[in-house]
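These notes concern the structure reproduced below.
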Amino acid sequence: MPGSRSNAKPASSSLKPRHGLTASTISAIVKDKDDLAADDEMRRLSQKRRDVDTAARETEDLKRRAVARTPMTPEQVLQDRNYSLNIFERGEIMDFQKEGIFFTGTKTARKVIGSLAPTPQVSSDDKNSKAGNYGYDDERGDYNIVLGDHLAYRYEVVDVLGKGSFGQVVRCVDHKAGGIVAVKIIRNKKRFHQQALVEVGILSRLRDWDPEGTHATLSITSSFYFRSHLCIVTPCLSINLYELIRAHNFVGFSLPLIRRFGRQMLACLVLLQNKRIIHCDLKPENILLYEARKADIRVIDFGSSCKEEEKVYTYIQSRFYRSPEVILGSTYGLGIDMWSFGCILAELWTGYPIFPGENEQEQLACIMEIFGPPDRHLVERCTRKKLFFDSVGKPRVTVSSKGRRRRPSSKTLAQALKTEDEAFLDFVTRCLRWDPDRRMKPHEAVTHPFIT
Numbered sequence: 001m002p003g004s005r006s007n008a009k010p011a012s013s014s015l016k017p018r019h020g021l022t023a024s025t026i027s028a029i030v031k032d033k034d035d036l037a038a039d040d041e042m043r044r045l046s047q048k049r050r051d052v053d054t055a056a057r058e059t060e061d062l063k064r065r066a067v068a069r070t071p072m073t074p075e076q077v078l079q080d081r082n083y084s085l086n087i088f089e090r091g092e093i094m095d096f097q098k099e100g101i102f103f104t105g106t107k108t109a110r111k112v113i114g115s116l117a118p119t120p121q122v123s124s125d126d127k128n129s130k131a132g133n134y135g136y137d138d139e140r141g142d143y144n145i146v147l148g149d150h151l152a153y154r155y156e157v158v159d160v161l162g163k164g165s166f167g168q169v170v171r172c173v174d175h176k177a178g179g180i181v182a183v184k185i186i187r188n189k190k191r192f193h194q195q196a197l198v199e200v201g202i203l204s205r206l207r208d209w210d211p212e213g214t215h216a217t218l219s220i221t222s223s224f225y226f227r228s229h230l231c232i233v234t235p236c237l238s239i240n241l242y243e244l245i246r247a248h249n250f251v252g253f254s255l256p257l258i259r260r261f262g263r264q265m266l267a268c269l270v271l272l273q274n275k276r277i278i279h280c281d282l283k284p285e286n287i288l289l290y291e292a293r294k295a296d297i298r299v300i301d302f303g304s305s306c307k308e309e310e311k312v313y314t315y316i317q318s319r320f321y322r323s324p325e326v327i328l329g330s331t332y333g334l335g336i337d338m339w340s341f342g343c344i345l346a347e348l349w350t351g352y353p354i355f356p357g358e359n360e361q362e363q364l365a366c367i368m369e370i371f372g373p374p375d376r377h378l379v380e381r382c383t384r385k386k387l388f389f390d391s392v393g394k395p396r397v398t399v400s401s402k403g404r405r406r407r408p409s410s411k412t413l414a415q416a417l418k419t420e421d422e423a424f425l426d427f428v429t430r431c432l433r434w435d436p437d438r439r440m441k442p443h444e445a446v447t448h449p450f451i452t
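1 is the number of the first residue of the sequence shown in the UniProt record's numbering; add one for each residue after it.
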């Protein structure tokens, strides 16, 4: 059980913050005893769990064969490797005269036979659009991925890393530069394309702001268009924190390892706070290990991100990590990321989401079960309050699919997390305050005793 683990620290004797530690130094902390323990835990986990070790070995094997190639001209390819191209590609390849040709697909790749007829591109948001884009898109506007085929005559598609509403992410060998990259292929739909351009802009600025990667941000390598799809190239990382939790049989991790992860996430959040950027979708799936056997992480997926003064969407954040102000339809800001951050730390300890609501009504009930109802002045300014509270401000009764009713203030945070570690409980509590104005800020969190 999480509360009985031998590596849990005893209750802290003092919660006075330690001064002299700044955001710029938090990401470059010299390895202390906790850091060494975190690295050791990761090594032991990779040895114990075959899936984690396999991920590391696969990456190492790919890196060995990912060597830079000499480019060919389209004319050379048509003369010497014409057999590797389909009829569509024999015309398309001439558009890559400037870039050069580095890869045309493996012999076993079952290529899509691109149509020469001008079938309509799936670029509108019409749900009834037919598959088109010369046969390279499906009905959703997703690119038809073929393992072993190329992207832009440079990248070899190795496997699919993930798929979402935005499109797909594939792991590729970069035959021009050598090395392994991740390529995010955006759906061929106008609204997803527009949001992806915002993501490219944010990632490009993060690269300029954090050139050494000391703030645990994902750097963009490049972006390009291929067959009407915007593609975003980034370094290829390892498994995400949800996959790591699953590999650990949903038992959770030690506080030294959680602290190590937390420091790095805070380094990212401090940078975002300084630049007034809201991530909008922090969750374990969007935090990746830099390498499978080490405790270094990167925060990814800025596809929902926005500048604080340029908020576009009201339906944001994954449900388990959604802040109460977003659920209730109130004004939101940078504080929603700190809420998600607190939820992630709690989950890293227990192995399970702290607020596992089946829907938004139960999600709010899960929060109230531990922290009680919000103050009335917070509810009064919310546009969706009638969904969750009656006319006198009393929480509406919510029953889960299993018949469970969650009563406000019926459980303490210590009971939910099954720990008495004073510093950890205080840290999570400060991240999960109802009022975003009273919620702990990233620059405050880096000096908290749990982190320092």
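Beta carbons: idealized from backbone N, C-alpha and C, even for Gly. Note that the structure is predicted; figures quoted are calculated from it, not measured.
| query | result |
| --- | --- |
| Host alpha helix (DSSP H) of GLN195 (start-end) | 190–209 |
| Beta-carbon proximity list for PHE450, same chain, < 6 angstroms, skipping 5 on both sides | ALA423, PHE424 and PHE427 |
| First through last residue of the alpha helix (DSSP H) which encompasses ASP337 | 335–350 |
| Residues near PHE341 in its chain [Cβ-Cβ closer than 7 angstroms; skip 5 each side] | MET265, LEU269, LEU282 and CYS431 |
| Residues that DSSP places opposite THR234 in a beta bridge | ALA182 |
| Cβ of LYS176 within 9 angstroms of any chain D Cβ | Looking for chain D here will not work: only one protein chain is present. |
| DSSP-derived helix/strand/coil call for SER222 | strand |
| Per DSSP, cross-strand counterpart(s) of VAL77 | Looking at the DSSP assignment, VAL77 forms no beta bridge with any residue, so it has no partner. |
| Pairwise C-alpha distance: VAL77 and VAL200 | 32 angstroms |
| Helix, strand or coil at ASN240 according to DSSP, with G and I counted as helix | strand |
| Proximity winner among LEU147, GLN194 and PHE102, relative to GLY303 (alpha-carbon distances) | GLN194 |
| Endpoints, the alpha helix (DSSP H) within which ARG90 is located | 87–92 |
| Candidates SER401, THR383 and ARG376: closest to LYS394 by CA position | ARG376 |
| Residue interval of the alpha helix (DSSP H) (run including VAL326) | 324–328 |
| Reference LEU334, options LEU289, TYR321, GLN317 and GLU308, closest by Cα | GLU308 |
| Straight-line Cα distance separating LEU387 from ARG396 | 8 angstroms |
| Minimum C-alpha distance to GLU362 - residue among ASP337, PRO324, GLU347 and MET338 | PRO324 |
| Closest residue to ASP159 among LYS184, HIS248, VAL198 and LYS411 (Cα-Cα distance) | LYS184 |
| Helix, strand or coil at ARG384 [DSSP, three-state] | coil |
| Endpoints, the beta strand (DSSP E) within which ARG298 is located | 297–299 |
| C-alpha gap between LYS111 and ASN240, whole angstroms | 30 angstroms |
| Cβ pair HIS215, LEU271 closer than 9 angstroms | yes |
| Simplified DSSP assignment, three categories, for GLY357 | coil |
| Residue closest to GLU213, alpha-carbon to alpha-carbon, out of ILE245, ALA292, PRO373 and ARG298 | Note on residue identity: the sequence assigns Gly, not Glu, to residue 213. Residue ARG298 is the option with its Cα nearest to GLY213. |
| Identity of the residues DSSP links to GLY164 by a beta bridge | GLY167 |
| Unbroken beta strand (DSSP E) run spanning ILE258, endpoints | From DSSP, ILE258 is part of no beta strand (DSSP E) but of the alpha helix (DSSP H) over 255–274. |
| Same chain, Cβ closer than 7 angstroms to ASP149, neighbours up to 5 away in sequence not counted | GLY105, ALA109, LYS111 and VAL157 |
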